[in-house]
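Enquirer:
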Amino acid sequence: MLTALILAVLLPLLGFGTFATIRAVEGQRAIAEDRLSDTARALALAAQREFETTAVALQSFATSPIFRSAPTLGDPADVLSQAAVIAGLIGVTVNILRPDGVIEITTARQPLSLQRQYNCHDPVAQFTTTGEASIGSLLHSASTNRWVIPVDVPIRDTDGGVVLILGGLVDTERLRSLLAAWDLNLSTFAALTDACHVVVARSDAAHNDLIGRPVPPDNRRQSEGRIAGLYRAVTLDGTERVVGFHAIPALPGWQVVVAQDAAIFDAAWREPLTTLLLGAALALALSTALASVAAGAILQPARRLAMQAHSLASGPARQPLQMSEPSWIAEFADLETGLREAVVTADARRRAEAEAAQLALSLTERTRALADAGATLQAETARRRAAQAQLTQLQKLEALGQMTGSVVHDFTNVLAAITACFRLIERRAGPNAPVQEIVRQGDRAALRAAALVRQLLAFARHEGIRPEVVDLGALLPEAAEMIRHTVGRRLTVSVDAPPEIWPVLTDPQQLEVALLNLAVNARDAMPHGGVLRVSARNLQLAERTAELRPGDYVVVTVRDDGAGMSPEVLARAQEPFFTTKARGEGTGLGLPMVQRFAEQSHGALRIESNPGQGTEVQITLPRAAYIDLSVPRPSRAAKDERSLNPLAHGGASILLVEEDEMVRLLTAAFLRDLGYTVLEAPSAEAAEALALTMPSLDLLIASIDLPGADGATLAARMLTDRPELRIIFVGGSTPGPALRGEIVLRRPVAGTDLAAAVLAALDGNKAHRPTPGARLLKRLRTPVLRAAYLAWNAARLPGERLPRLERFNLAPLDLQDHGFLIAVRAGAADELTFHPLTFGAALRARLGQDLVETGSSGEDAVGTMVGAYRRCARTGAPVYESARFDLGDAAPERFERLVLPLSEDGATVSQAVGVVLFGDNSAWRAAGAATATDREEKRSDGTRADGP
24 MLTALILAVL LPLLGFGTFA TIRAVEGQRA IAEDRLSDTA RALALAAQRE FETTAVALQS
84 FATSPIFRSA PTLGDPADVL SQAAVIAGLI GVTVNILRPD GVIEITTARQ PLSLQRQYNC
144 HDPVAQFTTT GEASIGSLLH SASTNRWVIP VDVPIRDTDG GVVLILGGLV DTERLRSLLA
204 AWDLNLSTFA ALTDACHVVV ARSDAAHNDL IGRPVPPDNR RQSEGRIAGL YRAVTLDGTE
264 RVVGFHAIPA LPGWQVVVAQ DAAIFDAAWR EPLTTLLLGA ALALALSTAL ASVAAGAILQ
324 PARRLAMQAH SLASGPARQP LQMSEPSWIA EFADLETGLR EAVVTADARR RAEAEAAQLA
384 LSLTERTRAL ADAGATLQAE TARRRAAQAQ LTQLQKLEAL GQMTGSVVHD FTNVLAAITA
444 CFRLIERRAG PNAPVQEIVR QGDRAALRAA ALVRQLLAFA RHEGIRPEVV DLGALLPEAA
504 EMIRHTVGRR LTVSVDAPPE IWPVLTDPQQ LEVALLNLAV NARDAMPHGG VLRVSARNLQ
564 LAERTAELRP GDYVVVTVRD DGAGMSPEVL ARAQEPFFTT KARGEGTGLG LPMVQRFAEQ
624 SHGALRIESN PGQGTEVQIT LPRAAYIDLS VPRPSRAAKD ERSLNPLAHG GASILLVEED
684 EMVRLLTAAF LRDLGYTVLE APSAEAAEAL ALTMPSLDLL IASIDLPGAD GATLAARMLT
744 DRPELRIIFV GGSTPGPALR GEIVLRRPVA GTDLAAAVLA ALDGNKAHRP TPGARLLKRL
804 RTPVLRAAYL AWNAARLPGE RLPRLERFNL APLDLQDHGF LIAVRAGAAD ELTFHPLTFG
864 AALRARLGQD LVETGSSGED AVGTMVGAYR RCARTGAPVY ESARFDLGDA APERFERLVL
924 PLSEDGATVS QAVGVVLFGD NSAWRAAGAA TATDREEKRS DGTRADGP
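Numbering (our numbering), first residue to last: 24 to 971.
Here it is in structure tokens:
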């Protein structure tokens, strides 16, 4: 009880004190911010007046009779005399120039040598478009070592054409004096920047050091697109400041900033805050002590009074209340009187009940009078409910966007891992047609899932799409196959895409997702089966509605034979979260997402439906730029085959930087299958350290979202030391920035897209890429393996692609104990099988089994041999792999494998011979070094060393 009483007294005081403190701090901060903003605005107007005064004087001189004979100047001495008068009046150097910039007349006392640091505007173009004076960018005079701002006005002939330019050079010292004249404290400076975001003048002593320096990009971004405001940033002098800025209205891009040291700015409101907090703490302590004393004095007699009242109420006898009342608490006397009058309470209650009955009759009449007011209230309530419903929809969309945005990064990483798995399966499954078809369908499903996430994110956050030219004649049949897998066999799916259909400009993956959404709705509307028709036609000019922009359009129609929709349902069909399906079976986002997609594509969505007559949905899309569809173009399959051609890949060193371990491992495996040397790093810091150990690096593949420094920062750092480095960025749902036009891929990345991107990135660096054979020799650091490769290369006959078995032998290299020979056979559906013929003694001892006797293909043997066999047989090229294994407390062990293809006819791989080495055997390293020297000498006689 005592605690509750103390809290009842103190909590209101504490709340009021907190509120007053917050308001006082906010007031002090607002005063400081307003001071910076108002000063910036006043200086912006002053700078504008300064330039307008110069421009008006020059315009008056440009329209004087002395220039009536333009482009000739008449008497140059007379013109120079009047120009000198104008220059003296407005305090600038006056020049008369030709449109090409050559100075005809100048009031300068010595020749001018003007250099433009940044060029972001053309005065002649501004004269032509606006007819107004032009304020140029900063110039530096080498002869006078001054910085000036050009103010140019046109001198026109009788036809209105610009024949000469009358210019005035405003000294930046004059602008500095204008800024310095304002009453600023020592911790604050004012600065003026031009349209190129370059410092023109500064009020403090740093003027001479910082003039001509560009504003930092971070500061520029914070004020970009805004007329006025405040932000915190580190200025060019390296000090963190609070910056108030204001654009100069008449000078686009020009800006005045007033910046104060952040520490001094914060001190202006932190000092009163500290004082208020100390005062509040002292008041709280004092109030607590006084409340405790007062509560003790009140509660003791109150408890006695409660005991007396309980005794009086529980028994029939009414004894006079006996109590020792404190002389200074009058309220206890009132309580005693109330208890004594409790005897007559029952009679008063009976009288009150009679009066209440009478009051009930009058209330009945009042109720009738309130009926009309109730009707009005109901109408107002309905209006408010409608507004609340609309607000709820917006809040749902906002929550959907937040939820989608929070999971999109992790979800795309999962999809990236899935597509990477499909890439490896596709590469390693060989020409097995059923497996390849399953892989293609699974890969397309993953890409559609990524497109669905992007479309959902774009719908909830109103983000844009990534349009490209889409050939509907090719896309719709592919989409139909996807739809058939989705809707099942009970629906018949037909596609009508005539050859003359125009290409459209839209996002192809989101178009597929939109068609899939409509197909799912049609499937639910036809539970017993039916026909789903997908067609496309060119929109005639007479059919174009007013909501479409001028131009040509194509209509994609999805029609079903389902139950149709009633007018009430049709009216709400495009409303987000509205659905007629059972709970848990629909989200109500399908049609709204399709509508949003059509609008983002600058098209439209139209729905026609009647009960019992099915539903027709029309997506109108804009026609793309003219493309001659009659000219044969390579199919997607042909492009994929070219991008995955093993002969086009390999020989380059790639640094892969990816935070997600699964995505990183699978992507690296895919790139190694293509023949590249791949090193992996989970972060930018690890990548930079790893790059220092790499003698050569051709390509950097980096995730944009990395822990610590992002991908763009990592690329910028590495380009400093390796300017020829090629770069590919991999981003999430929204691609990140590129430094020099680098390739940017969105997750999940299809295998063909990644392979094509790698080829495109390395294509510009061909001059630095060695031939395939030279690249392999460079990777073979063990001399004995180099000797084996050179012997294989020398065994090829002229005109034949591969050496024959009888011309190649490992015995002269003393590698028979570490070598193996397998036969390659083509099985059903071109599936390759491998049969061991010989295995060296060292390999048998290492594996603990003889693969020739057991008939094993080596799938579980050294480093998954079948993968190396398959790559070698499929590409017809040598395969080399190396790794180091951590064996715990023992030293790491090195593993190397070289597989060389052989042929019975010189063209087709029929056998493969290989060498597998473990550990650091100095004996075969030394032997290999001698053999390699002999092989190198033989190469000088004309044998080929470039390899297949």
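Note that the Cβ used here is the ideal one computed from N, Cα and C, for glycine as well.
Name the DSSP beta bridge partners of residue 859, please?
Expert: Position 836 of the sequence shown, counted from the first residue, corresponds to residue 859. Paired residues: 845.
Enquirer: Based on Cα-Cα distance, which residue from 614, 642, 444 lies nearest to residue 625?
Expert: One-based indexing of the sequence shown puts residue 625 at position 602. Comparing Cα-Cα distances from residue 625 to each of 614, 642, 444, the minimum goes to 642.
Enquirer: Just tell me which of 234, 122, 281 has its CA closest to the CA of residue 255.
Expert: Walking along the sequence shown from the start, residue 255 turns up at place 232. With distances taken between Cα atoms, residue 255 lies closest to 281.
Enquirer: Please state whether the Cβ-Cβ distance between residue 11 and residue 171 is less than 8 Å.
Expert: Absent from the structure is residue 11, since the part of the chain shown begins at 24 and ends at 971.
Enquirer: So for residue 343, helix, strand or coil by DSSP?
Expert: Taking the first residue of the sequence shown as position 1, residue 343 is located at position 320. Note on residue 343: pLDDT 49, under 50, position unreliable in the model; the coordinate value appears next. Three-state DSSP puts residue 343 in coil, outside helix and strand.
Enquirer: Quick one: grab the DSSP three-state call for residue 644.
Expert: On the sequence shown, position 621 is the one that residue 644 refers to. The answer is strand: DSSP assigns residue 644 an E or B state.
Enquirer: When you compare the stretch 924-940 with the stretch 836-855, are there three or more beta-carbon pairs, one atom per stretch, that lie closer than 8 Å?
Expert: yes
Enquirer: Compare the C-beta of residue 929 against all C-beta atoms of chain D and say whether one is closer than 8 Å.
Expert: In summary, chain D is missing from the structure at hand, where a single protein chain is found.
Enquirer: Might you give, ordered along the chain, the residues of its own chain that have their beta carbon closer than 6 Å to the beta carbon of residue 220, omitting 5 neighbours on each side?
Expert: Counted from its first residue, the sequence shown places residue 220 at position 197. Excluding sequence neighbours, residue 220 sits near 237, 238, 243.
Enquirer: Given 8 Å as the limit, is there contact between the stretch 712-727 and the stretch 745-755, that is, 3 or more CB pairs closer than that?
Expert: yes
Enquirer: Express the C-alpha separation of residue 395 and residue 388 in angstroms, rounding to a whole number.
Expert: As a first step, residue 388 must be located in the sequence shown, where it is residue number 365. As a first step, residue 395 must be located in the sequence shown, where it is residue number 372. So the alpha carbons of these two residues sit roughly 13 Å apart.
Enquirer: Evaluate contact between the stretch 565-574 and the stretch 533-546, counting only Cβ atoms and requiring at least three cross-stretch pairs below 8 Å.
Expert: no
Enquirer: Alpha helix (DSSP H) containing residue 496: first to last residue?
Expert: If you number the sequence shown from 1, residue 496 lands on position 473. Run containing residue 496: 495-510, per the alpha helix (DSSP H) assignment.
Enquirer: Classify residue 462 as helix, strand or coil using the three-state DSSP reduction.
Expert: Counted from its first residue, the sequence shown places residue 462 at position 439. Looking at residue 462 - three-state DSSP - the assignment turns out to be helix.
Enquirer: Roughly how many angstroms lie between the CA atoms of residue 685 and residue 540, to the nearest whole one?
Expert: Here the question's residue 685 lines up with position 662 in the sequence shown. Here the question's residue 540 lines up with position 517 in the sequence shown. Between residue 685 and residue 540, the C-alpha separation is close to 31 Å.
Enquirer: Name the one or two DSSP bridge partners that residue 212 has.
Expert: Position 189 of the sequence shown, counted from the first residue, corresponds to residue 212. DSSP lists 282 as the beta-bridge partner residues of residue 212.
Enquirer: Measure from the alpha carbon of residue 812 to the alpha carbon of each residue in 924, 857, 868, then state which is nearest.
Expert: Counted from its first residue, the sequence shown places residue 812 at position 789. Checked all of 924, 857, 868; the closest Cα to residue 812 is 924.
Enquirer: Given that a residue counts as buried once 16 or more other Cβ atoms are within 10 Å of its Cβ, and exposed if not, what is residue 546?
Expert: By 1-based counting over the sequence shown, the position of residue 546 is 523. So residue 546 ends up on the buried side.
Enquirer: Rounded to whole angstroms, what's the CA-CA distance from residue 617 to residue 645? Just pull it up for me.
Expert: What you label residue 617 is simply residue 594 of the sequence shown in a count that begins at 1. What you label residue 645 is simply residue 622 of the sequence shown in a count that begins at 1. About 15 Å.
Enquirer: Going by C-alpha distance, which of 198, 65, 49, 185 is nearest residue 114?
Expert: Sequence index remark: in the sequence shown, residue 114 carries index 91 (1-based). Comparing alpha-carbon positions, the option among 198, 65, 49, 185 lying closest to residue 114 turns out to be 198.
Enquirer: Per the DSSP calculation, residue 584 is bridged to which residue(s)?
Expert: The sequence position of residue 584 within the sequence shown is 561, counting from 1. None; residue 584 has no bridge partner.
Enquirer: Is the beta carbon of residue 210 closer than 8 Å to that of residue 284?
Expert: Here residue 284 is taken as the residue at index 261 of the sequence shown, counted from 1. Here residue 210 is taken as the residue at index 187 of the sequence shown, counted from 1. For residue 284 and residue 210, yes; Cβs fall inside 8 Å.
Enquirer: Just mark residue 400 as buried or exposed, buried being the case when its beta carbon has 16 or more other beta carbons within 10 Å.
Expert: Position 377 of the sequence shown, counting from 1, holds the residue named residue 400. With fewer than 16 Cβ atoms within 10 Å of its Cβ, residue 400 is classed as exposed.
Enquirer: Determine the closest residue to residue 698 out of 377, 814, 905, with distance taken between C-alpha atoms.
Expert: Along the sequence shown, one-based indexing puts residue 698 at 675. Among 377, 814, 905, the Cα nearest to that of residue 698 is on 905.
Enquirer: Please state whether the Cβ-Cβ distance between residue 106 and residue 130 is less than 8 Å.
Expert: Mapped onto the sequence shown, residue 106 falls at position 83. Mapped onto the sequence shown, residue 130 falls at position 107. Contact: yes.
Enquirer: Below 7 Å CB to CB, which residues in the same chain sit around residue 952 once its five sequence neighbours on both sides are set aside?
Expert: Walking along the sequence shown from the start, residue 952 turns up at place 929. Confidence at residue 952 is low in this model, with a pLDDT of 44, below 50, so the placement of that residue should be treated as unreliable; the coordinate-derived value is given next. Same-chain partners within the cutoff: 806.
Enquirer: Compute the beta-carbon to beta-carbon distance between residue 701 and residue 712, rounded to the nearest angstrom, for a pair I have assumed lies under 8 Å.
Expert: The residue labelled residue 701 in the question sits at position 678 within the sequence shown. The residue labelled residue 712 in the question sits at position 689 within the sequence shown. About 17 Å; that fails the 8 Å criterion.
Enquirer: If the criterion is Cβ atoms closer than 8 Å, does the pair residue 896 and residue 920 meet it?
Expert: Your numbering for residue 896 matches position 873 in the sequence shown. Your numbering for residue 920 matches position 897 in the sequence shown. No, these two residues do not count as a Cβ contact at 8 Å.
Enquirer: What separation, rounded to the nearest whole angstrom, lies between the Cα atoms of residue 562 and residue 578?
Expert: Position 539 of the sequence shown holds residue 562. Position 555 of the sequence shown holds residue 578. Rounded to whole angstroms, residue 562 to residue 578 spans 6 Å at the Cα level.
Enquirer: If you follow the alpha helix (DSSP H) that residue 105 is in, where does it begin and where does it stop?
Expert: Reading the sequence shown from its first residue, position 82 is the one you call residue 105. 99-113 is the span of the alpha helix (DSSP H), which, as asked, contains residue 105.
Enquirer: What does a CB cutoff of less than 6 Å around residue 60 pick up in its chain, not counting 5 residues either side in sequence?
Expert: The residue given as residue 60 occupies position 37 in the sequence shown. Cβ neighbours of residue 60 beyond the five flanking positions: 267.
Enquirer: Exposed or buried, which one is residue 883 when buried takes at least 16 other CB atoms within 10 Å?
Expert: For the purposes of this step, residue 883 is taken as residue 860 along the sequence shown, with counting starting at 1. Legend: pLDDT at residue 883 = 46, less than 50; position of this residue unreliable, value from coordinates given subsequently. Result: exposed.
Enquirer: Does DSSP put residue 636 in a helix, in a strand, or in coil?
Expert: Position 613 of the sequence shown, counting from 1, holds the residue named residue 636. Coil.
Enquirer: Taking just the CA atoms, how far does residue 247 sit from residue 293?
Expert: On the sequence shown, position 270 is the one that residue 293 refers to. On the sequence shown, position 224 is the one that residue 247 refers to. Roughly 30 Å separates the two Cα atoms.
Enquirer: Please report how far the alpha carbon of residue 212 lies from the alpha carbon of residue 259, in whole angstroms.
Expert: As a position in the sequence shown, residue 212 is number 189, starting the count at 1. As a position in the sequence shown, residue 259 is number 236, starting the count at 1. When rounded, the distance between both Cα atoms is 12 Å.
Enquirer: Assuming residue 815 is part of the alpha helix (DSSP H), what are its boundary residues?
Expert: As a first step, residue 815 is located in the sequence shown; it is residue number 792 there, counting from the start. Here the alpha helix (DSSP H) through residue 815 covers 806-817.
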